[in-house]
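Q: Have a look at this one.
In UniProt numbering, the protein residues as written are 1 to 314.
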């Protein structure tokens, strides 16, 4: 792009002829010889000094005009260069924005999130360590639960306006809110539900299950067979999501040498780099739009004639 810009600038300079900016009289200056000191009085009584001073005075306006011409030329070229640079920068920004919009439109369904928030991308290195645990992997505790809660795993539904809901694919016969309470649809950001499911699977792991059964909160308020259905539902939702957005990156291998071995061994490197969306901004968007903890008893609009009603839990 830089080479193209430099070539374009050279072409523009070559296409601007200096005679368009400078007065034609300046050309005659090339034939004027350097001044030499001569006697004031010649044999014929002609005062050459006076004549030379007169010539200088005649040339001063031409020099001023030439300087103005050069100033106009330089200012014009500077403005042209700045304009071209600004145009190139604008095209780069627009191109990146267009690519981002194309990317999100091809990899995600319509969403109210994109009506208020720009989806951006950045490179992030995953922590795939096998032995070095972070807070999300530790056995159940209040500190671990707080870390997962901060990810938005239990956010309350948000209120999607009726027209927006229809635009993003919600059905007119889905559950709606009473008009006196703002109308629209109750809904959740799906990516946060995926995290909710990962959290529940974590809680149901063999080394955590007793801790959460004893707490008896959240999903563990239900009978064991319902908990089992809930956990298997979450596991399968995660499976489908991972298959839908299958990662086509590759895992290389690194060398490591155990302390009790004299020979290095290969080991898969799970600490890979990925292109990620701006999760924190999306999570904050959902957090700020949660419905209140306390809602009116008549918040939900009863089914209307013609609304589809399932005869089983879907």
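Backbone N, C-alpha and C define an ideal beta-carbon position, used for all residues, glycine too.
On the DSSP letters alone, give me the boundaries of the alpha helix (DSSP H) that residue 162 sits inside.
A: Mapped onto the chain shown, residue 162 falls at position 162. Segment 162-167, the alpha helix (DSSP H) holding residue 162.
Q: Of the residues 289, 271, 302, which one's Cα is nearest the Cα of residue 123?
A: As a working note, residue 123 is residue 123 in the chain shown. The residue with the shortest Cα to Cα distance from residue 123 is 271.
Q: Going by C-alpha to C-alpha distance, which of 197, 193, 163 sits closest to residue 182?
A: Mapped onto the chain shown, residue 182 falls at position 182. Measuring from the Cα of residue 182, the nearest candidate turns out to be 163.
Q: CA-CA distance, residue 239 and residue 254?
A: In the chain shown, counting from the first residue as 1, residue 239 sits at position 239. In the chain shown, counting from the first residue as 1, residue 254 sits at position 254. The straight-line gap from Cα to Cα measures roughly 28 Å.
Q: Measure the C-alpha to C-alpha separation of residue 116 and residue 71 and round it to an integer number of angstroms.
A: In the chain shown, residue 116 corresponds to position 116, counting from 1. In the chain shown, residue 71 corresponds to position 71, counting from 1. Distance between the alpha carbons of residue 116 and residue 71 is about 48 Å.
Q: Select from 168, 160, 121 the residue whose C-alpha is nearest the C-alpha of residue 176.
A: Locating residue 176 in the chain shown gives position 176, where the first residue counts as 1. Nearest of 168, 160, 121 to residue 176, Cα basis: 160.
Q: So, using beta-carbon positions, are residue 146 and residue 136 closer together than 8 Å?
A: The residue you call residue 146 lines up with position 146 of the chain shown. The residue you call residue 136 lines up with position 136 of the chain shown. No, they are not a contact pair.
Q: Just the Cα atoms here: how many angstroms apart are residue 199 and residue 87?
A: Counting from one through the chain shown, the residue named residue 199 turns up at place 199. Counting from one through the chain shown, the residue named residue 87 turns up at place 87. Roughly 48 Å between the two C-alpha positions.
Q: Smallest Cα separation from residue 230: which of 155, 131, 128, 204?
A: To locate residue 230, count along the chain shown from 1; it is residue 230. Cα-wise, what sits closest to residue 230 is 204.
Q: Could you give the residue range of the beta strand (DSSP E) that holds residue 124?
A: If you number the chain shown from 1, residue 124 lands on position 124. That run of the beta strand (DSSP E) goes 121-125.
Q: Buried or exposed: residue 318, going by 16 or more other Cβ atoms within 10 Å of its Cβ?
A: Nothing about residue 318 can be reported from this structure: the residues present for the chain run from 1 to 314 only.
Q: If I measure Cβ to Cβ from residue 234 and keep anything under 6 Å in the same chain, skipping five residues before and after, which residues do I get?
A: Numbered from its first residue, the chain shown carries residue 234 at position 234. Contacts found: 197, 200, 201.
Q: Excluding the 5 residues flanking residue 268 on each side, which residues of the same chain have their C-beta closer than 6 Å to its C-beta?
A: For the purposes of this step, residue 268 is taken as the residue at position 268 of the chain shown. Closer than 6 Å at Cβ, skipping near neighbours: 251, 253.
Q: Does the distance from the CB of residue 184 to the CB of residue 169 come in under 8 Å?
A: In the chain shown, counting from the first residue as 1, residue 184 sits at position 184. In the chain shown, counting from the first residue as 1, residue 169 sits at position 169. No, Cβ-Cβ distance for residue 184 and residue 169 is not below 8 Å.
Q: May I ask you to report which of helix, strand or coil DSSP gives residue 75?
A: Working through the chain shown from its first residue, we reach residue 75 at position 75. Residue state, collapsed to three classes: helix.
Q: Would residue 195 and residue 153 be called neighbours here (beta carbons separated by less than 8 Å)?
A: Taking the chain shown and counting its residues from 1, the one referred to as residue 195 is at position 195. Taking the chain shown and counting its residues from 1, the one referred to as residue 153 is at position 153. Yes, the pair counts as a contact, with Cβ atoms nearer than the cut-off.
Q: Please classify residue 14 as buried or exposed, where buried requires at least 16 neighbouring CB atoms within 10 angstroms.
A: In the chain shown, counting from the first residue as 1, residue 14 sits at position 14. Note on residue 14: pLDDT 47, under 50, position unreliable in the model; the coordinate value appears next. Residue 14 comes out exposed.
Q: Measure the beta-carbon distance from residue 157 to residue 110 and round it to whole angstroms, keeping in mind my assumption that it falls under 8 Å.
A: Translated into the one-based positions of the chain shown, residue 157 becomes position 157. Translated into the one-based positions of the chain shown, residue 110 becomes position 110. Going by Cβ atoms, the distance from residue 157 to residue 110 rounds to 18 Å, so no, they are not a contact pair.
Q: Count the other CB atoms within 10 Å of the CB of residue 282; is the residue buried (16 or more) or exposed (fewer)?
A: Within the chain shown, the letter at position 282 stands for residue 282. It is buried - the Cβ of residue 282 has at least 16 other Cβ atoms within 10 Å.
Q: Spell out whether any CB of chain B is found under 8 Å from the CB atom of residue 80.
A: Among the protein chains of the structure shown there is no chain B, as only one such chain exists.
Q: Should residue 306 and residue 274 be called a contact, given that it needs their Cβ atoms to be closer than 8 Å?
A: Along the chain shown, read from residue 1 onward, the residue named residue 306 stands at position 306. Along the chain shown, read from residue 1 onward, the residue named residue 274 stands at position 274. It is not a contact, given that the beta carbons lie outside the stated cut-off.
Q: According to DSSP, is residue 159 part of a helix, a strand, or is it coil?
A: Working through the chain shown from its first residue, we reach residue 159 at position 159. If DSSP states are grouped into helix, strand and coil, residue 159 belongs with the strands.
Q: Would you give the residue range spanned by the alpha helix (DSSP H) that residue 228 belongs to?
A: Within the chain shown, numbered from 1, the residue matching residue 228 stands at position 228. Note, residue 228: alpha helix (DSSP H), 224-244.
Q: First and last residue of the beta strand (DSSP E) that includes residue 203?
A: Numbered from 1 along the chain shown, position 203 holds the residue referred to as residue 203. Taken as a continuous stretch (DSSP letters only), residue 203 belongs to no beta strand (DSSP E), being part of the alpha helix (DSSP H) at 190-203.
Q: When the distance is taken between beta carbons, is residue 139 closer than 8 Å to residue 208?
A: Reading the chain shown from its first residue, position 208 is the one you call residue 208. Reading the chain shown from its first residue, position 139 is the one you call residue 139. Yes. Within cutoff.
Q: Which of helix, strand or coil does DSSP assign to residue 149?
A: Taking the chain shown and counting its residues from 1, one reaches residue 149 at position 149. Residue 149: helix per DSSP, three-state reduction.
Q: In three-state DSSP terms, what is residue 178?
A: Along the chain shown, one-based indexing puts residue 178 at 178. DSSP places residue 178 in coil when its eight states are reduced to three.
Q: Report buried or exposed for residue 113, applying the criterion of at least 16 other Cβ atoms within 10 angstroms of its Cβ.
A: As a position in the chain shown, residue 113 is number 113, starting the count at 1. When all chains shown are included, residue 113 counts as buried.
Q: For residue 242, I'd like the list of residues in its chain whose CB is within less than 6 Å of its CB, leaving aside the five on either flank, ordered along the chain.
A: Here residue 242 is taken as the residue at index 242 of the chain shown, counted from 1. No residues qualify anywhere along the chain.
Q: Would you kindly report the start and end of the unbroken alpha helix (DSSP H) that includes residue 279?
A: Counted from its first residue, the chain shown places residue 279 at position 279. Run containing residue 279: 279-288, per the alpha helix (DSSP H) assignment.
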